[in-house]
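Okay, so here's the structure we're looking at.
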Amino acid sequence: MFLHPLVLVGMSMSFVVAGAVVAYVAIRVRSNNLLGRAKREAAQTLSDAERDAATMAKDAKTHVKELEIDLRAKLEQEGRELRKEIAGLEKRILVKEESLDKRAESLDKTAAALTSQERELVKREKGLDKERERITAILSEQTRKLEAIAGLTAEQAKKELFLQLENEVKRESALQLKRTEDELREQAEKKAKWIITEAIQRCASDHVAESTVSVVDLPNEDMKGRIIGREGRNIRALENATGINVIIDDTPEAVILSGFDPIRRQIARLSLERLIQDGRIHPARIEEMVEKVEEELAQSIKERGEQACLDADVHGLHPEIVKLLGRLSYRTSYGQNVLQHSLEVSHLCGVMAAELGVSIKDARRAGLIHDIGKALTHEVEGSHAVLGHDLAKRYGENDLIANAVGGHHGEMPMNSIIAVLVQAADALSAARPGARSETLQTYIKRLEQLEQIADQFPGVEKSFAIQAGREVRVVVQPEKISDAESSMLARDIARRVETEMTYPGQIRVTVVRETRAVEIAK
1 MFLHPLVLVG
11 MSMSFVVAGA
21 VVAYVAIRVR
31 SNNLLGRAKR
41 EAAQTLSDAE
51 RDAATMAKDA
61 KTHVKELEID
71 LRAKLEQEGR
81 ELRKEIAGLE
91 KRILVKEESL
101 DKRAESLDKT
111 AAALTSQERE
121 LVKREKGLDK
131 ERERITAILS
141 EQTRKLEAIA
151 GLTAEQAKKE
161 LFLQLENEVK
171 RESALQLKRT
181 EDELREQAEK
191 KAKWIITEAI
201 QRCASDHVAE
211 STVSVVDLPN
221 EDMKGRIIGR
231 EGRNIRALEN
241 ATGINVIIDD
251 TPEAVILSGF
261 DPIRRQIARL
271 SLERLIQDGR
281 IHPARIEEMV
291 EKVEEELAQS
301 IKERGEQACL
311 DADVHGLHPE
321 IVKLLGRLSY
331 RTSYGQNVLQ
341 HSLEVSHLCG
351 VMAAELGVSI
361 KDARRAGLIH
371 DIGKALTHEV
381 EGSHAVLGHD
391 LAKRYGENDL
401 IANAVGGHHG
411 EMPMNSIIAV
421 LVQAADALSA
431 ARPGARSETL
441 QTYIKRLEQL
451 EQIADQFPGV
461 EKSFAIQAGR
471 EVRVVVQPEK
481 ISDAESSMLA
491 RDIARRVETE
501 MTYPGQIRVT
511 VVRETRAVEI
521 AK
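Just so you know, we're using the numbering used here here: the sequence shown kicks off at 1 and counts up by one.
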């Protein structure tokens, strides 16, 4: 059967409404059941909670009572302990009060005793003042009596006493100075001798004394005439070219060249020897040969300077200083070759510097060029030490080296140990036996000057230069010079000798004081 769509829709709506009503009723019934169950469970939970709360309240009251009992017991115990402690404190306070009372009584007694002593001291002070016045009066009276007896016032006596004390202090100071110097000298001499001996035994050098003349051997006597030439033109040409005097005398087969400039003398000697070998001797050839020898000698001088630097292990010197070193090979001092002397000083300085722990390089350098001023000609004025200082500064040497060069003869203050070593090494090289020689006139003049210096001092009776001028014996008047003053006199004479004299090596000053007592038995 076919139904109309609207009918179908109406039927569907009826079914839907009926279903909804049924669902609503079912849900309402279920909700009521759930609500009833929830109320019963809530009532049961509330009943359980009230029962638990009552139990907990009862337990809490019981716990509080227990705590209250414990607290009350603790408080009672603390109270008993506190009361006991207070009782002990009260007892100690009572004991201290008794002790303080006793101490106060003791202090009162002490104060009373001090008061009594103070009164006694005041009385004694007054008595002492009176006694002091009496003693002052007695001293014044005794001073007046002593002044009358001695014939001196108090100020004069004081000055006299101070003068005596001053003399006594001077004498004691001189004795103490002498003892100290003896001790220091003994120690210093041991150390210095060891160092010097070590330096000397490691330094050996040859020495050849040179003079101011050179001798040229001739093959025969006829050669003298050829050297003189027609009307003496050859010999004049040679002398003009070299500046050296050519002496032709009766000496067989020899010509003497005389001159104070060793380099010019060497040029003349070499030129003459080559002219003799060549056989052509005339003015033009002489001038040509002299010029050639001068060039060769200049090169030789440079090579000698370089070789000296190598031998001394000194490097970096200015080329001009190297040339001047080479010129020193033709210079002599008291017959000692100056270049060999400089090398010897350089080696000695290096050895002593090694022993003393100072710069070996600087010591060798200063020792090698210490006499560089001697390479200059006589036309340059001034001491060779000061000239050497100026040359060293001019050619780039530092202040240490320049000071050592300039101060090795005491003409400049020495500012370093290197300068002292150069001075000592210079004296060692010059003073060794055979190193230097001097003329008889210079020797006699030095002895006379040495005795004159010693005779100038007051209290000196006589002086004698002995040991070839290496020592001076000074005999003093014993009534004017004491033993302590003798050492001071020796030192003063030595300082005067160092200042006023020039000499090789060292000079010992010995002061002799002798007292003789003579009596004749009758």
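Idealized CB from N, CA, C, for every residue including glycine.
{"Check": "Could you give the distance in angstroms between the alpha-carbon of GLY316 and the alpha-carbon of CYS309?", "Outcome": "9 Å"}
{"Check": "Please go through the same chain and pick out, in chain order, the residues whose beta-carbon is closer than 8 Å to the beta-carbon of ILE286, but skip the five residues on each side of it.", "Outcome": "ASN234, ALA237, LEU238, ALA241, SER271 and LEU275"}
{"Check": "If distances are taken between C-alpha atoms only, which option among ARG365, HIS409, ILE417 and GLU411 comes closest to ALA392?", "Outcome": "ARG365"}
{"Check": "Taking the alpha-carbon positions, what's the VAL351 to LEU387 distance?", "Outcome": "26 Å"}
{"Check": "Would you say the segment 443-454 touches the segment 408-419, given that touching needs at least three Cβ pairs under 8 Å?", "Outcome": "no"}
{"Check": "If you pair each beta-carbon of the segment 450-463 with each one of the segment 471-489, do three or more pairs fall below 8 Å?", "Outcome": "yes"}
{"Check": "Give the DSSP bridge partners of ASN240, in chain order.", "Outcome": "None; ASN240 has no bridge partner."}
{"Check": "Suppose you measure from the CA of LEU257 to the CA of GLN266; what does that come to, to the nearest Å?", "Outcome": "9 Å"}
{"Check": "What three-state label does DSSP hand LEU343 in the structure shown?", "Outcome": "helix"}
{"Check": "Helix, strand or coil: how does DSSP classify GLN77 here?", "Outcome": "helix"}
{"Check": "Considering only their Cβ atoms, is the gap separating ALA312 from LEU356 smaller than 7 Å?", "Outcome": "no"}
{"Check": "Taking only the alpha-carbon atoms, compute the straight-line gap between LYS158 and ILE138 and give it to the nearest angstrom.", "Outcome": "20 Å"}
{"Check": "Within a Cβ cutoff of 8 Å, which residues of the same chain sit near ARG508, ignoring the five residues on either side of it in sequence?", "Outcome": "GLN467, ARG470, GLU471 and VAL472"}
{"Check": "In this structure, how does DSSP classify ILE520 when only helix, strand and coil are distinguished?", "Outcome": "coil"}
{"Check": "Less than 7 Å between the C-beta atoms of LEU421 and ALA385, yes or no?", "Outcome": "no"}
{"Check": "Between ALA404 and TYR330, what straight-line distance do the alpha-carbon atoms span, to the nearest angstrom?", "Outcome": "23 Å"}
{"Check": "Would you mind sorting LYS374 into buried or exposed? The rule is 16 or more other CB atoms within 10 Å of its CB.", "Outcome": "buried"}
{"Check": "Using DSSP with H/G/I as helix, E/B as strand and the rest coil, what is GLU221?", "Outcome": "coil"}
{"Check": "Express the C-alpha separation of ARG92 and ASP101 in angstroms, rounding to a whole number.", "Outcome": "14 Å"}
{"Check": "My parser needs the alpha helix (DSSP H) runs of 4 or more residues fully inside the segment 292-369; what are they?", "Outcome": "319-328, 338-356 and 360-368"}
{"Check": "State the start and end residues of the unbroken beta strand (DSSP E) segment that holds LEU376.", "Outcome": "Premise fails: LEU376 is in no beta strand (DSSP E) and is neither H nor E."}
{"Check": "How many whole angstroms separate the CB atoms of LEU325 and LEU339, which I take to be in contact at a CB cut-off of 8 Å?", "Outcome": "7 Å"}
{"Check": "Taking the C-alpha atoms as reference points, what is the distance between ARG171 and THR510?", "Outcome": "20 Å"}
{"Check": "So, at 7 Å on beta carbons, what are the nonlocal neighbours of ASP217 in its own chain, with the 5 sequence-adjacent residues on each side left out?", "Outcome": "GLU253 and ALA254"}
{"Check": "Using three-state DSSP, classify ASN398 as helix, strand or coil.", "Outcome": "coil"}
{"Check": "Whose CA, out of LYS178, PRO262, GLY279 and ASP261, lies closest to the CA of LYS224?", "Outcome": "GLY279"}
{"Check": "Give me the Cα-Cα distance between ALA424 and LYS323, rounded to the nearest whole angstrom.", "Outcome": "26 Å"}
{"Check": "To the nearest angstrom, how far is the alpha carbon of GLU50 from that of ALA60?", "Outcome": "15 Å"}
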